[in-house]
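J.: At position 27 of the sequence shown (counting the first as 1) the number is 36 in the working numbering, and the numbers step up by one without a gap.
Glycine included, each C-beta is placed from N, C-alpha and C at the ideal position.
Sharing a structure below in structure tokens format, with a few things to ask.
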Amino acid sequence: MAGRAVLLVPHRGDAADEGGLPGDYRKILAIVREADGPVQVRAVGERLGLDASVHGKLEPLRAKMTKLAARGWLHERGDGRFTAGP
């Protein structure tokens, strides 16, 4: 596929299901879906076993969650919390 970029995280409409997502993105999506309501990045990080007390540990996770939201898998609310996409 010379000259053509391949998305690591496909747009939701381009993938039949989350099976097309890399493993860590599938884990994030599952945690958000299991939540009773909107979740903070810190809560997802804790479920993944990250040290949530260290801000730098959460930034890569925030970037992944934001990417999932940009691709339609999650919805990022105005308060910075995330919910499962439609």
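Classify His84 as helix, strand or coil using the three-state DSSP reduction.
T.: strand
J.: Over the uninterrupted beta strand (DSSP E) stretch that includes Ala93, give me the two end residues.
T.: Phe91 to Ala93
J.: Excluding five sequence neighbours on each side, which residues of the same chain lie with their C-beta closer than 8 Å to the C-beta of Arg96?
T.: Only positions 10 to 95 of the chain appear in this structure, which leaves residue 96 out of reach.
J.: Cα separation between Val50 and Asp26?
T.: 23 Å
J.: Would you tell me roughly how many angstroms separate the C-alpha atoms of Gly65 and Gly58, rounded to the nearest one?
T.: 14 Å
J.: Could you give the DSSP three-state label for Val48: helix, strand or coil?
T.: DSSP places Val48 within a strand segment (E or B) once states are collapsed to three.
J.: Tell me, to the nearest whole angstrom, how far the beta carbon of Val53 is from that of Val63; I am working on the premise that it is less than 8 Å.
T.: Val53 to Val63, Cβ: 15 Å. No contact.
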